[in-house]
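Chain order of the listed sequences is A and B.
According to the numbering used here, the first sequence is numbered sequentially starting from 2.
According to the numbering used here, the second sequence is numbered sequentially starting from 17.
Glycine included, every Cβ here is placed at the ideal spot set by N, Cα and C.
As the structure is a prediction and not an experimental result, all values here were calculated from the model.
Quick notes on the structure that follows.
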Amino acid sequence: MLGTLLFQGLVGLSGAMYLWLVSAGLTLIFGVLRVLNFAHGSLYMLGAYLALTLVTSLHQPFWSALLLGAAGVAAVGVVLERVFIRPVYRLPIAYQLLLTFGFVLIFDDLVKIVWGPIYQVPPMPPSLGGAVLVLGRPYPVYNLFIMGAGAAVALLLWAVLDLTRWGKLVRAASSDREMAAAVGINVPWVFAEVFAFGAALAALGGALTVPVQTVSPGMGEGIIITAFIVVVIGGLGNLWGAFVGALLIGLLQAYGTLFVPVFDLALAFIVMALVLIWRPEGLFGGRPA
Amino acid sequence: MARRITRRHFLTSGLAAAGGAALVGTWDAVRPVVYAQGTKPIRIGAETILSGPYGGYGQFAEWGGRLAVEEINRAGGILGREVQIDFRDEEFKAATTVKNVRYHVQEWGADVVIGVDSSGDVLAAAEVMPQLDRILIVHHAATEKLNEVEVYQKKNRHVFRISVPVYQDGIASALVAKDFYNVKRWATVSPDYEYGYTSWRLFRETLSHFRPDVQYVAEAWAKFNTSDFSSHISKVMAAKPDGIFSTQWGGEAVAFVRQAKLFGVFNQIKVMMIGMGAAMDVLEGLGRDYPDGVWASCRYWFQYPATQLNRQFVARFQERWKHYPSYVSETMYSCVYAAKAAIEKSHSTRTADLIAALEGMTLETPAGRRVFRREDHQAVYEVPWGRIAHPANYPMPVIEHTRVFPATEYYRWPPFTKLFGT
Numbered sequence: 002m003l004g005t006l007l008f009q010g011l012v013g014l015s016g017a018m019y020l021w022l023v024s025a026g027l028t029l030i031f032g033v034l035r036v037l038n039f040a041h042g043s044l045y046m047l048g049a050y051l052a053l054t055l056v057t058s059l060h061q062p063f064w065s066a067l068l069l070g071a072a073g074v075a076a077v078g079v080v081l082e083r084v085f086i087r088p089v090y091r092l093p094i095a096y097q098l099l100l101t102f103g104f105v106l107i108f109d110d111l112v113k114i115v116w117g118p119i120y121q122v123p124p125m126p127p128s129l130g131g132a133v134l135v136l137g138r139p140y141p142v143y144n145l146f147i148m149g150a151g152a153a154v155a156l157l158l159w160a161v162l163d164l165t166r167w168g169k170l171v172r173a174a175s176s177d178r179e180m181a182a183a184v185g186i187n188v189p190w191v192f193a194e195v196f197a198f199g200a201a202l203a204a205l206g207g208a209l210t211v212p213v214q215t216v217s218p219g220m221g222e223g224i225i226i227t228a229f230i231v232v233v234i235g236g237l238g239n240l241w242g243a244f245v246g247a248l249l250i251g252l253l254q255a256y257g258t259l260f261v262p263v264f265d266l267a268l269a270f271i272v273m274a275l276v277l278i279w280r281p282e283g284l285f286g287g288r289p290a
Numbered sequence: 017m018a019r020r021i022t023r024r025h026f027l028t029s030g031l032a033a034a035g036g037a038a039l040v041g042t043w044d045a046v047r048p049v050v051y052a053q054g055t056k057p058i059r060i061g062a063e064t065i066l067s068g069p070y071g072g073y074g075q076f077a078e079w080g081g082r083l084a085v086e087e088i089n090r091a092g093g094i095l096g097r098e099v100q101i102d103f104r105d106e107e108f109k110a111a112t113t114v115k116n117v118r119y120h121v122q123e124w125g126a127d128v129v130i131g132v133d134s135s136g137d138v139l140a141a142a143e144v145m146p147q148l149d150r151i152l153i154v155h156h157a158a159t160e161k162l163n164e165v166e167v168y169q170k171k172n173r174h175v176f177r178i179s180v181p182v183y184q185d186g187i188a189s190a191l192v193a194k195d196f197y198n199v200k201r202w203a204t205v206s207p208d209y210e211y212g213y214t215s216w217r218l219f220r221e222t223l224s225h226f227r228p229d230v231q232y233v234a235e236a237w238a239k240f241n242t243s244d245f246s247s248h249i250s251k252v253m254a255a256k257p258d259g260i261f262s263t264q265w266g267g268e269a270v271a272f273v274r275q276a277k278l279f280g281v282f283n284q285i286k287v288m289m290i291g292m293g294a295a296m297d298v299l300e301g302l303g304r305d306y307p308d309g310v311w312a313s314c315r316y317w318f319q320y321p322a323t324q325l326n327r328q329f330v331a332r333f334q335e336r337w338k339h340y341p342s343y344v345s346e347t348m349y350s351c352v353y354a355a356k357a358a359i360e361k362s363h364s365t366r367t368a369d370l371i372a373a374l375e376g377m378t379l380e381t382p383a384g385r386r387v388f389r390r391e392d393h394q395a396v397y398e399v400p401w402g403r404i405a406h407p408a409n410y411p412m413p414v415i416e417h418t419r420v421f422p423a424t425e426y427y428r429w430p431p432f433t434k435l436f437g438t
């Protein structure tokens with residue numbers, strides 16, 4: 002029984018890392034720009050589709066498809082922020098929600114026009130197939146790889162935000178944008194860069210699903226709702242909160258499947274409600290990112 | 017535009033129509049057939065899922081429906097009237113399905129409605145058909161509640177179904193599984209709604225009838241839009257099953273099988289059965305990754321029965337769309353022909369006449385001879401189960417070593433008091 006519990010936990014961790022990659026960009030963008038980006042799930046989908054095309058039509062290796070796909074979506078992110086989102090910063094938040102939700106519909110239809118409405122099944126990179134024995138049972142190498150990728154992104158984010166000069170600029174712009182602008186930081190560009198960075202993280206999350214799942218229009222809509230729960234539990238705008246929230250929800254989903262199969266969808270919402278009753282600002286809310 | 021028909025006009029167009037009809041077969045290229053002026057086209061509204069993980073179904077179904085309409089129009093239409101078909105995306109939502117059905121009937125002017133993929137959606141659509149006073153011929157949605165409850169008990173006479181219901185997924189599967197003497201521990205990974213529950217329940221009840229020695233050791237229910245099946249697979253594998261029964265379908269079946277492979281499932285169990293695993297989008301989607309020997313079925317298999325009618329249908333479908341037909345291609349195709357047969361038999365498009373014509377009707381279709389039972393409006397015909405194989409002469413996996421049971425053995429029959437069979 003203990004083995005079953007531990008193994009299910011390991012499966013939950015890999016699910017948590019998919020969630021973390023999506024939630025990280027979502028909360029980063031909110032933390033710095035104060036934009037609740039509904040279209041984040043679309044950027045996730047776009048990352049998957051770009052990786053799909055790079056692998057199947059342009060015969061790129063999986064690794065470069067991951068990076069090129071993320072870079073492509075980062076470019077889309079810059080345009081999205083510069084051209085469309087910037088004009089609504091000063092308007093009430095409902096305008097942001099309407100605008101980014103509009104982009105969800107636009108991206109879904111664009112994807113249908115370019116890649117077709119039907120799901121696609123990309124090939125698996127041979128190096129990541131197979132399984133290793135964990136607790137006496139085969140555990141997929143790919144799930145281990147996802148855990149590694151999630152941890153690597155967490156490390157990268159920490160290093161970039163805490164150790165680099167750019168990280169300092171971002172933190173300055175997020176804590177007081179007027180003050181940052183007054184000391185000569187080009188705040189609009191920092192915002193665009195952060196948005197691009199968050200978009201690239203979403204794209205990476207999407208591209209990483211490509212080898213083992215299917216790619217279809219609307220694929221971002223399922224995960225974005227869960228990612229919002231993660232981000233709210235962790236505290237809007239708080240990266241480590243998102244990391245902890247993703248672990249919590251990922252494990253909850255895995256154990257939910259094990260113990261309360263008919264109820265597991267509601268579990269995430271119940272936990273969110275409990276967290277909000279206990280700490281309305283989320284687990285790590287109110288602390289600096 | 018004035019619609020007044022002069023005598024000369026009437027004669028020429030009538031002659032052209034007759035000529036057009038006569039030329040079919042020899043002069044296929046001479047199109048379009050000119051229809052007698054002043055006759056309204058016959059309109060068929062078609063509902064299917066055209067996007068997302070189940071969008072492959074809608075694509076194959078639309079191909080089947082359009083092929084039927086093209087053939088019928090080339091041969092002069094129905095009662096000399098042109099046939100038009102319009103597809104709308106059901107989106108796997110009951111509310112959307114009902115909205116689309118209403119649009120088709122009330123705004124677009126459909127004479128007949130066909131289609132509907134999901135069991136949840138079809139029960140919602142069935143409820144509004146009497147009020148809209150149109151018939152719905154279902155091409156796919158498989159819940160037995162449609163024929164056993166909605167039609168048989170509640171007397172909703174406006175709904176027919178041309179495709180085999182969950183009897184295929186839940187009962188025929190168990191008739192196959194009863195002969196797996198070394199498979200005693202069964203588990204399931206199935207979709208978390210009506211269709212998944214019903215299939216698993218029928219499977220267990222039927223199998224236990226023959227095999228009191230089998231146990232059901234684990235269940236994992238996957239929500240709609242599940243893309244990562246890791247936790248479901250891990251859960252059922254912890255119970256060390258000999259066999260896994262699944263009713264995942266469409267893109268979710270593809271993702272499930274791929275991930276099950278990663279978990280080494282096929283080295284640990286003796287058999288897997290996937291109810292709709294022989295749908296063409298799943299066969300094409302998995303390709304080489306579809307493990308040999310998985311038992312799979314569908315609601316029409318393009319190699320069965322070996323009739324000329326079926327061979328010709330497959331050849332025409334392939335020529336037109338460059339794919340082998342999926343089961344929903346044939347069922348949607350045959351829905352159109354069922355509508356044609358009903359209109360021609362009754363010389364009418366009035367709903368009451370069509371219902372009377374369809375009840376008890378025998379129809380020769382690519383899937384074989386279908387009979388619409390009077391009591392529950394369910395078409396009766398047989399579909400095989402078989403094992404996945406990768407023969408070199410097909411671009412996708414196919415099922416081989418097929419097993420077919422007589423419908424009298426595996427359908428449930430009115431008054432539905434016996435678990436299965438007559």
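The beta carbon of GLU300 of chain B is closer than 7 Å to those of MET412 in its chain, skipping five residues each way along the sequence. Scanning its chain for C-beta atoms nearer than 6 Å, with the 5 sequence neighbours on each side dropped, one finds around THR424 of chain B the residues THR438, in chain order. Among the residues facing chain A, ARG97 of chain B is not included, as its CB has no counterpart in that chain under 8 Å away. A Cβ-Cβ distance of about 19 Å is found for the pair ILE234 of chain A and VAL261 of chain A, leaving them out of contact under the 8 Å criterion. Counted as a single uninterrupted DSSP element, the alpha helix (DSSP H) harbouring VAL154 of chain A occupies residues 142-164. For the stretch 205-220 of chain A, the beta-carbon criterion of a distance under 8 Å to any beta-carbon of chain B is satisfied by THR210, VAL213, GLN214, THR215, SER217, PRO218, GLY219 and MET220.
Using a Cβ-Cβ cut-off of 8 Å, THR258 of chain A counts as an interface residue toward chain B, since at least one Cβ of chain B sits closer than that to its own. Not flagged as an interface residue toward chain B: THR54 of chain A, since no C-beta distance is shorter than 8 Å. The residue among B:GLY92, B:HIS363, B:GLU160 and B:SER134 with its C-alpha nearest the C-alpha of PHE240 of chain B is B:SER134. Here the C-alpha atom of LEU302 of chain B lies approximately 9 Å from the C-alpha atom of ALA271 of chain B.
LEU66 of chain B reaches chain A at PRO118, counting residues in chain order whose Cβ is nearer than 8 Å. Among the residues of the stretch 237-259 of chain A, those with a Cβ less than 7 Å away from any Cβ of chain B are GLN254, ALA255, THR258 and LEU259, in the order of the chain. Apart from sequence neighbours up to five positions away, the residues of its chain that approach ASP297 of chain B with a beta-carbon distance below 7 Å are GLY72, TYR73, PHE76, GLY266 and SER342, ordered along the chain. Residue range 401-405 is occupied by the beta strand (DSSP E) that includes TRP401 of chain B.
At the C-beta level, VAL399 of chain B and GLN122 of chain B stay beyond 8 Å of one another.
About 38 Å separates the beta carbons of LEU37 of chain A and VAL135 of chain A, which is beyond the 8 Å limit, so they are not a contact pair.
In terms of CA proximity to LYS200 of chain B, B:SER224 leads the group B:SER224, B:TYR211, B:PRO181 and B:GLU210. In this structure, the straight-line span from the alpha carbon of VAL74 of chain A to that of GLY42 of chain A is close to 12 Å. At a cut-off of 8 Å between beta carbons, ASP195 of chain B makes no contact with chain A. Here GLU335 of chain B carries a helix assignment [DSSP, helix/strand/coil].
Counting C-beta atoms within 10 angstroms of its own C-beta, THR215 of chain A has 16 or more neighbours from the protein chains shown and is therefore classed as buried. Think of a sphere of 7 Å around the beta carbon of ALA132 of chain A: the chain B residues whose beta carbon falls inside it are LEU278, PHE279 and GLY280, in chain order. When C-beta distances to chain A are compared with 7 Å, the residues of the stretch 71-87 of chain B below that value are GLY71, GLY72 and GLN75, in chain order. The three-state secondary structure of MET273 of chain A, taken from DSSP, is helix. Within the model, the alpha-carbon separation for PRO431 of chain B versus GLU164 of chain B is close to 8 Å.
ILE404 of chain B sits buried, since 16 or more C-beta atoms from the chains shown fall within 10 Å of its C-beta. Within the stretch 133-191 of chain B, the beta strand (DSSP E) runs of at least 3 residues that lie entirely inside it are, in chain order, 152-154 and 175-177. Between the C-alpha atoms of GLY291 of chain B and GLN121 of chain A there is a straight-line separation of about 21 Å.
DSSP places GLU87 of chain B in the uninterrupted alpha helix (DSSP H) bounded by 71-90. For SER250 of chain B, the CB contacts under 8 Å within the same chain, skipping 5 residues up- and downstream, are PHE279 in chain order. Close to PRO139 of chain A, with beta-carbon spacing below 7 Å, are these residues of chain B in chain order: PHE279 and GLY280. Listed along the chain, the chain B residues whose CB falls inside 9 Å of the CB of THR57 of chain A amount to none; the nearest CB is some 13 Å away.
Annotation: the continuous alpha helix (DSSP H) that includes SER362 of chain B extends over 343-362. Of the other Cβ atoms in all chains shown, fewer than 16 fall within 10 Å of the Cβ of MET180 of chain A; this residue is therefore exposed. A straight-line Cα-Cα distance of about 17 Å links VAL352 of chain B and TYR397 of chain B. TYR426 of chain B and GLU82 of chain A have their C-alpha atoms roughly 60 Å apart.
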